Amino acid sequence: DAGVTQSPTHLIKTRGQQVTLRCSPKSGHDTVSWYQQALGQGPQFIFQYYEEEERQRGNFPDRFSGHQFPNYSSELNVNALLLGDSALYLCASSLLGQAYEKLFFGSGTQLSVL
Amino acid sequence: KNEVEQSPQNLTAQEGEFITINCSYSVGISALHWLQQHPGGGIVSLFMLSSGKKKHGRLIATINIQEKHSSLHITASHPRDSAVYICAVRYGGATNKLIFGTGTLLAVQP
Numbered sequence: 001d002a003g004v005t006q007s008p009t010h011l012i013k014t015r016g017q018q019v020t021l022r023c024s025p026k027s028g029h030d031t032v033s034w035y036q037q038a039l040g041q042g043p044q045f046i047f048q049y050y051e052e053e054e055r056q057r058g059n060f061p062d063r064f065s066g067h068q069f070p071n072y073s074s075e076l077n078v079n080a081l082l083l084g085d086s087a088l089y090l091c092a093s094s095l096l097g098q099a100y101e102k103l104f105f106g107s108g109t110q111l112s113v114l
Numbered sequence: 115k116n117e118v119e120q121s122p123q124n125l126t127a128q129e130g131e132f133i134t135i136n137c138s139y140s141v142g143i144s145a146l147h148w149l150q151q152h153p154g155g156g157i158v159s160l161f162m163l164s165s166g167k168k169k170h171g172r173l174i175a176t177i178n179i180q181e182k183h184s185s186l187h188i189t190a191s192h193p194r195d196s197a198v199y200i201c202a203v204r205y206g207g208a209t210n211k212l213i214f215g216t217g218t219l220l221a222v223q224p
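Residue numbers (the numbering used here), protein chains in the order written: chain A, 1 to 114; chain B, 115 to 224.
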């Protein structure tokens, strides 16, 4: 049973470019949440997707957008990259309504913006 | 002020020591998670608590809902316990998002 998988593991971009990160949830999970973790900080909630729609959103600009596919996998897109977007991007999957279950995270995508 | 505060931020211990990491939060929650993050990024869920105490091997987690406080204890610490330990809370109601603390960097020396 595969856990949460993310790709790519590392990515280097330059300012102004656009990036797409991908996440496949754990088998049986239908909800995907994305987090940004800056160096030395705890993860910050970006948004959550369920039934191909954004359910909740954190305090991130519209440059951050996402998508969920019918197979529950998800993409995070960031446009007009800034140096400050350099961070570890984590994906977590869960089953909607199961607020009390353990969390499952991917290993993350390390994004460096030069 | 962060909604979720952890202490200490950094902790160095000798192998075999008993370790305590603390987490305080500011409003009522539905659940609290303790997570472990090793260098390279991967996060592993250790515990989910809504009340009381849980134990898994050498790890013990407690929560006091009235005091809005949780602790993670590691007994007989080992160098392989070296990692960042993160507390995350989920608030009640319809929201499903997590609020994370900034983490405690633990280094256990042999």
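Here a beta-carbon is modelled for each residue, glycine too, at the ideal position from N, C-alpha and C. Since the structure is predicted, the reported quantities are computational estimates derived from the model, not experimental observations.
The residues Asn-124 and Val-198, in chain order, have a CB closer than 6 Å to that of B:Leu-219 in the same chain once the five nearest residues on each side in sequence are set aside.
The beta-carbon of A:Phe-60 is placed no less than 8 Å from the nearest beta-carbon of chain B.
Taking every protein chain shown into account, the CB of B:Phe-132 has fewer than 16 other CB atoms within 10 angstroms, so this residue is exposed. Taking a Cβ-Cβ cut-off of 7 Å, the neighbours of B:Gly-217 in chain A comprise Gly-42, given in sequence order. Per DSSP, the unbroken beta strand (DSSP E) holding A:Glu-53 starts and ends at 53 to 57. Residues are counted here when their Cβ sits less than 8 Å from a Cβ of chain A; for the region 127 to 161 of chain B these are Ser-144, Ala-145, His-147, Leu-149, Gly-154, Gly-155, Gly-156, Ile-157, Val-158 and Ser-159, given in chain order. Taking each of B:Gly-130, B:Ser-191, B:Ile-135 and B:Glu-117 in turn and checking the Cα distance to B:Ile-200, the smallest one comes out for B:Ile-135. When only Cα atoms are considered, A:Pro-61 and A:Leu-81 end up about 12 Å apart. The region 149 to 179 of chain B contains no complete alpha helix (DSSP H) run of 4 or more residues.
A check of alpha carbon separations from B:Asp-195 across B:Val-222, B:Gly-155 and B:Gly-130 identifies B:Val-222 as the nearest. DSSP places A:Arg-15 outside both helix and strand once states are collapsed to three, so it counts as coil. The beta-carbon of B:Ile-179 is placed no less than 8 Å from the nearest beta-carbon of chain A. Taken residue by residue, none of the region 5 to 20 of chain A has a beta-carbon sitting less than 7 Å from a beta-carbon on chain B.
Counting other Cβ atoms within 10 Å of its Cβ, A:Leu-96 stays below 16 and is therefore classed as exposed.
Selection B:Ser-191, B:Thr-216, B:Leu-212 and B:Tyr-205 evaluated against B:Gly-130 yields B:Ser-191 as nearest (Cα-Cα).
In the structure shown, A:Gly-66 adopts extended strand secondary structure according to DSSP, grouped into three states. In terms of CA proximity to B:Leu-146, B:Lys-168 leads the group B:Pro-193, B:Lys-168 and B:Ile-188.
A:Ile-12 sits exposed, since fewer than 16 C-beta atoms from the chains shown fall within 10 Å of its C-beta. Listed along chain B are Gly-154, Gly-155, Gly-156 and Ile-157, each with a C-beta nearer than 9 Å to that of A:Gly-108. Cβ contact annotation for B:His-170 (same chain, cutoff 8 Å, sequence separation greater than five): Leu-160 and Phe-161, in chain order.
In the structure shown, A:Leu-83 adopts helical secondary structure according to DSSP, grouped into three states.
B:Lys-211 belongs to the set of residues whose beta carbon lies under 8 Å from a beta carbon in chain A. Taking a beta-carbon distance threshold of 8 Å, A:Gln-56 counts as an interface residue toward chain B.
With its beta carbon at least 8 Å from every one in chain B, A:Ser-65 lies outside the interface.
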